[in-house]
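Engineer: Heads up: the protein sequence lines correspond to chains F and H, in order. The numbering of the first sequence is our numbering, which starts it at 16 and goes up by one. The numbering of the second sequence is our numbering, which starts it at 16 and goes up by one. Submitted below is the structure of interest, expressed as structure tokens.
Protein chains: 2
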Amino acid sequence: MSGKLTYKQSGVDTKEAAAFVSDISSHVKRTQKQRSLHQAFGLFAAAYDLSSYKEPVIVTGCDGVGTKTEILFELDMVETAGKDLVAMNVNDILTTGGDPLLFLDYLGISNLEQERTRITRLVAGMCDYLESCNCILAGGETAEMPGVVPESIVELSGFCIGCCEKSKLIDPKTVRPGDVFIGYKSDSFHANGWSLIRRILEENPDVVDEEELRSLLQPTRLYHDVVADMRRFNVIPKAYAHITGGGLPENLERFLGDYGADLTIPCWDNTAAQKILKHVDPQDRFNTFNMGIGWVAIVKPEDVEAALKAGPGGTVIGTLREGRGIHVKVQGE
Amino acid sequence: MSGKLTYKQSGVDTKEAAAFVSDISSHVKRTQKQRSLHQAFGLFAAAYDLSSYKEPVIVTGCDGVGTKTEILFELDMVETAGKDLVAMNVNDILTTGGDPLLFLDYLGISNLEQERTRITRLVAGMCDYLESCNCILAGGETAEMPGVVPESIVELSGFCIGCCEKSKLIDPKTVRPGDVFIGYKSDSFHANGWSLIRRILEENPDVVDEEELRSLLQPTRLYHDVVADMRRFNVIPKAYAHITGGGLPENLERFLGDYGADLTIPCWDNTAAQKILKHVDPQDRFNTFNMGIGWVAIVKPEDVEAALKAGPGGTVIGTLREGRGIHVKVQGE
Numbered sequence: 016m017s018g019k020l021t022y023k024q025s026g027v028d029t030k031e032a033a034a035f036v037s038d039i040s041s042h043v044k045r046t047q048k049q050r051s052l053h054q055a056f057g058l059f060a061a062a063y064d065l066s067s068y069k070e071p072v073i074v075t076g077c078d079g080v081g082t083k084t085e086i087l088f089e090l091d092m093v094e095t096a097g098k099d100l101v102a103m104n105v106n107d108i109l110t111t112g113g114d115p116l117l118f119l120d121y122l123g124i125s126n127l128e129q130e131r132t133r134i135t136r137l138v139a140g141m142c143d144y145l146e147s148c149n150c151i152l153a154g155g156e157t158a159e160m161p162g163v164v165p166e167s168i169v170e171l172s173g174f175c176i177g178c179c180e181k182s183k184l185i186d187p188k189t190v191r192p193g194d195v196f197i198g199y200k201s202d203s204f205h206a207n208g209w210s211l212i213r214r215i216l217e218e219n220p221d222v223v224d225e226e227e228l229r230s231l232l233q234p235t236r237l238y239h240d241v242v243a244d245m246r247r248f249n250v251i252p253k254a255y256a257h258i259t260g261g262g263l264p265e266n267l268e269r270f271l272g273d274y275g276a277d278l279t280i281p282c283w284d285n286t287a288a289q290k291i292l293k294h295v296d297p298q299d300r301f302n303t304f305n306m307g308i309g310w311v312a313i314v315k316p317e318d319v320e321a322a323l324k325a326g327p328g329g330t331v332i333g334t335l336r337e338g339r340g341i342h343v344k345v346q347g348e
Numbered sequence: 016m017s018g019k020l021t022y023k024q025s026g027v028d029t030k031e032a033a034a035f036v037s038d039i040s041s042h043v044k045r046t047q048k049q050r051s052l053h054q055a056f057g058l059f060a061a062a063y064d065l066s067s068y069k070e071p072v073i074v075t076g077c078d079g080v081g082t083k084t085e086i087l088f089e090l091d092m093v094e095t096a097g098k099d100l101v102a103m104n105v106n107d108i109l110t111t112g113g114d115p116l117l118f119l120d121y122l123g124i125s126n127l128e129q130e131r132t133r134i135t136r137l138v139a140g141m142c143d144y145l146e147s148c149n150c151i152l153a154g155g156e157t158a159e160m161p162g163v164v165p166e167s168i169v170e171l172s173g174f175c176i177g178c179c180e181k182s183k184l185i186d187p188k189t190v191r192p193g194d195v196f197i198g199y200k201s202d203s204f205h206a207n208g209w210s211l212i213r214r215i216l217e218e219n220p221d222v223v224d225e226e227e228l229r230s231l232l233q234p235t236r237l238y239h240d241v242v243a244d245m246r247r248f249n250v251i252p253k254a255y256a257h258i259t260g261g262g263l264p265e266n267l268e269r270f271l272g273d274y275g276a277d278l279t280i281p282c283w284d285n286t287a288a289q290k291i292l293k294h295v296d297p298q299d300r301f302n303t304f305n306m307g308i309g310w311v312a313i314v315k316p317e318d319v320e321a322a323l324k325a326g327p328g329g330t331v332i333g334t335l336r337e338g339r340g341i342h343v344k345v346q347g348e
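This is the structure we're talking about:
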């Protein structure tokens, strides 16, 4: 090697980057069937026209997939990581009443040439979920960081922007005693609590078999079907909650102020999850995992009947009362 | 330890997370002096009211700080990493003509207790820059991922949303032969090309001393002063370009289509940078680094005089011509 270095010799290959952009372009197009960007800038930023809204309020959030990423990659469930990334972000947007419009992803990797196939599959998984909820993959950054990102790891973070007419924003401050909590089923542990699950798996390698583990790793459910049905039924809930890390108590208490509830949830009909839960401190079960309920709507008593039919259907799990604190018990326990 | 694990025992401490949120709250408040969120959701997503816009178009992008992060952390220049993260994103938004409104950050760390002081300083740096351009720190995610993120590393990514009246969006497709390129000075290498610089430093540890290295590491310049002055002078440029990885050629060619230019830039008056550049392949210098020009405006000939006075002042570096390709040479070389 001469005394003068090229950028490629330092581990960053800009030609490979252009090829990756081409690899994912068909997937990206799938997310623009119903909505499209305002300018094909191909540029420094993506643009989306909101001028059809009367009083637009944008809503936004950012999230990752946490340590679930590592175990997904070990089992080559790469598409699932993409779906989890989308669902963790889109569900947060849906809690506001807003439509998810734009999604952006950040992928940090050690070497693009080695990772190109894998992250293309990851983007394909993202686009499956984005397509299903009409949200555009508007941009992203794939950063090649040799020496900073460990070789087997993909750093993942996502970011979603939605929009809502101001008059239709869901306002959790409107909850009142007597309002009813409707719980909707999760698909599994989703993307929270995996540091704990992985620790349990390390200490008890035979607690679940590989098939059970794969079932536990299925992607976070997207609750856009529940939200779409609620609109169709003309039900505007008082609040929605996306049950992630912290479980039902933390994710409900954060907006209930001086109100609370004593919730009774159905026993989680998931054999593999129950095998894992046996190894978890009983209190931490409720404060870490969704325990089978991944989405909650709080509605007026007169809206209960309709709300129970939204999406694949929900269950009444409690009623709002005066006094702080969410307490959860399992039916029959 | 009993057979049942708590979440904290697996390496994730939710109480520490709440304390961190409290640590950064005074910094976050600084970013809401001029603008404020629509609902203090404290919730799943942040909301911002755009109803004062007539025909709002939102613009968005995402970026990180790349491998510069590692060397900044080695030298304990943590606030700089926060500023770089903001500038890399906000500058991209500014290229569209939009105002940067909301910023979100994602920080992936191995252990919050160990990293709390350092990432609080990082957020303080972010808020210094956000405050200066009136952009709200609207949310973020700090993910504690023991085993996934190496102990000395903070994974960093940022997302920015801006808004622009549709009629005022900058449209690079309007460029025409005869339009003039104005270059504005960078503060240093900014946050690109550091894989290469680090490799040079490894092979030639004495090429710069520590003081010079620290000067090379100063944060990416925010070009909101140039953009604000252009508005004040009633100059609407045909295009703006933020010169990041890929240098002047790649960042200009991406939107110039069949047009191009032969640019002549001033010799980069930065002794430390020149010492580094001596070790870089001559062609890769221009295709990797900003070479002293971090921002370019393309304006009509009649706007040149005003554009030269914007911000700390610019320099004419060339004229648009028919024919693809950006070729760059240094004055007098």
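Glycine residues also receive a C-beta, built at the ideal position from the N, C-alpha and C atoms. The structure displayed is predicted, hence computed values, not measured ones.
Under 9 Å between beta-carbons, which chain H residues line up against T84 (chain F)? List them in chain order, please.
Structural biologist: M160 and V163
Engineer: Could one say the Cβ of Y144 (chain F) lies closer than 9 Å to chain H's Cβ atoms, at least one of them?
Structural biologist: For Y144 (chain F), no CB of chain H lies under 9 Å from its own CB, so it is not counted at the interface with that chain.
Engineer: What separation, rounded to the nearest whole angstrom, lies between the Cα atoms of S17 (chain F) and D299 (chain H)?
Structural biologist: Summary for S17 (chain F): the model assigns pLDDT 43, below 50, so the residue's position carries little reliability; its value from the coordinates is reported in the next sentence. Each residue's alpha carbon lies about 14 Å from the other.
Engineer: Return the chain-ordered list of same chain residues with a C-beta closer than 7 Å to the C-beta of N302 (chain F), the five sequence neighbours on each side being excluded.
Structural biologist: So the list reads G261, G262, P264 and E265, once near-sequence residues are dropped.
Engineer: For T29 (chain F) and E128 (chain F), what's the separation of their Cα atoms in angstroms?
Structural biologist: Each residue's Cα considered, the two are about 10 Å apart.
Engineer: Taking 9 Å as the threshold (C-beta atoms), are V105 (chain H) and L137 (chain H) in contact?
Structural biologist: no
Engineer: If you count every other CB in all the chains shown that lies within 10 Å of the CB of R336 (chain F), and 16 or more means buried, which is it?
Structural biologist: exposed
Engineer: Leaving aside the five residues before and after A287 (chain F) along the sequence, list all residues of the same chain whose C-beta is less than 6 Å from its C-beta, in chain order.
Structural biologist: Only V223, E227, S230 and L231 meet the Cβ criterion.
Engineer: Is W283 (chain F) helix, strand or coil by DSSP?
Structural biologist: W283 (chain F): coil per DSSP, three-state reduction.
Engineer: Please state whether DSSP places P165 (chain H) in a helix, a strand or coil.
Structural biologist: coil
Engineer: Scan the segment 290-335 of chain F and note each continuous beta strand (DSSP E) run of 3 residues or more that stays entirely inside, going in chain order.
Structural biologist: 308-314 and 330-334
Engineer: Would you kindly check if the distance between the Cβ of G76 (chain H) and the Cβ of L145 (chain F) is under 9 Å?
Structural biologist: no
Engineer: Would you mind telling me which residues of chain H sit closer than 7 Å to K19 (chain F), beta carbon to beta carbon, in chain order?
Structural biologist: H294, V295 and D296
Engineer: Report back the beta-carbon spacing between I185 (chain F) and P252 (chain F) to the nearest angstrom; my notes put them in contact at under 8 Å.
Structural biologist: 6 Å
Engineer: Run through the DSSP bridge pairs and tell me what Q54 (chain F) is partnered with.
Structural biologist: F:A62
Engineer: Buried or exposed for L90 (chain H), please, with buried defined as at least 16 other CB atoms from any protein chain shown within 10 angstroms of its CB.
Structural biologist: L90 (chain H) is exposed by the Cβ-count criterion.
Engineer: The beta strand (DSSP E) spanning F118 (chain H) covers which residue range?
Structural biologist: Where F118 (chain H) is concerned, the enclosing beta strand (DSSP E) starts and stops at D114 to I124.
Engineer: How would you list, in chain order, the residues of chain H whose beta-carbon sits under 7 Å from the beta-carbon of T46 (chain F)?
Structural biologist: The contacting residues do not exist; T46 (chain F) stays about 15 Å from chain H at best.
Engineer: If you pair each beta-carbon of the segment 60-68 of chain F with each one of the segment 145-156 of chain F, do three or more pairs fall below 8 Å?
Structural biologist: yes
Engineer: If you check the beta carbons only, do V311 (chain F) and A243 (chain F) fall under 9 Å apart?
Structural biologist: No; because the gap between Cβ atoms is not below 9 Å, this pair is not in contact.
Engineer: Please list the residues of the segment 259-276 of chain F that have a C-beta atom closer than 7 Å to any C-beta atom in chain H, keeping them in chain order.
Structural biologist: G261, R269 and F270
Engineer: Helix, strand or coil for I258 (chain H), going by three-state DSSP, please let me know.
Structural biologist: coil
Engineer: Is the beta carbon of G140 (chain F) less than 9 Å from the beta carbon of P71 (chain F)?
Structural biologist: no
Engineer: What's the gap between the Cα of I176 (chain F) and the Cα of H294 (chain H)?
Structural biologist: If you take the alpha carbons of I176 (chain F) and H294 (chain H), they lie about 43 Å apart.
Engineer: Please report the straight-line C-alpha distance between H42 (chain F) and G272 (chain F), rounded to a whole angstrom.
Structural biologist: In this model, H42 (chain F) and G272 (chain F) are separated by some 43 Å (Cα to Cα).
Engineer: Using a C-beta cutoff of 9 Å, does C150 (chain F) count as contacting chain H?
Structural biologist: no
Engineer: For the alpha helix (DSSP H) that contains S41 (chain F), what are its first and last residues?
Structural biologist: Here the alpha helix (DSSP H) through S41 (chain F) covers T29 to R45.
Engineer: Quick check: R269 (chain H) and L58 (chain F), are their CB atoms within less than 9 Å of each other?
Structural biologist: yes
Engineer: Measure the C-alpha to C-alpha separation of G328 (chain F) and V314 (chain H) and round it to an integer number of angstroms.
Structural biologist: 58 Å
Engineer: By DSSP's criteria, P71 (chain H) is part of a beta bridge. Which residues make up the other side?
Structural biologist: H:E180
Engineer: In the DSSP assignment, the beta strand (DSSP E) including Y199 (chain F) goes from what residue to what residue?
Structural biologist: V195 to K200
Engineer: Using the beta-carbon count (16 or more within 10 Å), is T46 (chain F) buried or exposed?
Structural biologist: Per the 10 Å Cβ criterion, buried.
Engineer: Can you have a look at A322 (chain H) and say buried or exposed, based on whether 16 or more other CB atoms are within 10 angstroms of its CB?
Structural biologist: buried
Engineer: Is T135 (chain F) helix, strand or coil when you go by DSSP?
Structural biologist: helix
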